[in-house]
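These notes are about the structure you will find just below.
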Amino acid sequence: ACDTPSCANDCHGQGVCVAGRCMCDEGFLGESCEEKRCPGDCSGNGYCYQGSCQCSSGFAGDDCSRVQPHGKRFSMKLAKAPSLTVPKSLRGSVE
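Throughout, our numbering is defined as the position within the sequence shown, counted from one, plus 24.
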């Protein structure tokens, strides 16, 4: 008989069983390596759900690292630049 403790669900094929505990491959986590890890662990600005970051309010991006204003959009109106006239005394002769 084998005394080696086994791991739940054989670590879902995404890790190795060591003394009854799963040591997950890179990109996976959980008791039996059943969860896919999110990019950058959501930068601490959201939570991971099935391998995708669900960003907290004010953050965006695949890894929730981009700061986003709370529902506000910025708009800028650019004014037309004034026309500049070079005084005759500063103009050089062009040949």
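Think of the CB as a built atom: it goes at the ideal place given N, C-alpha and C, for glycine as much as any other residue.
For residue i, count the other beta carbons within 10 Å of its own beta carbon; 16 or more makes it buried, fewer makes it exposed. Which is it?
i: Gly-39; result: buried
i: Asn-69; result: buried
Quick check: what's the CA-CA separation for residue i versus residue j?
i: Gly-83; j: Pro-63; result: Looking at the sequence shown, residue 83 is not Gly but Phe. Near 14 Å, if we compare the C-alpha coordinates of Pro-63 and Phe-83.
i: Arg-90; j: Ser-56; result: 31 Å
i: Arg-45; j: Asn-33; result: 11 Å
i: Glu-58; j: Lys-104; result: 58 Å
i: Cys-66; j: Ala-43; result: 31 Å
i: Ser-113; j: Gln-92; result: 51 Å
Round the Cβ separation of residue i and residue j to the nearest angstrom and send it over; I've been treating them as touching at under 8 Å.
i: Cys-77; j: Asp-87; result: 6 Å
Practice problem: Note down, one range per segment and in chain order, each beta strand (DSSP E) of at least 3 residues found wholly within the region 49-102. | Solution: Unbroken beta strand (DSSP E) runs of no fewer than 3 residues, entirely contained in the region 49-102, are found at 70-73 and 76-79, following chain order.
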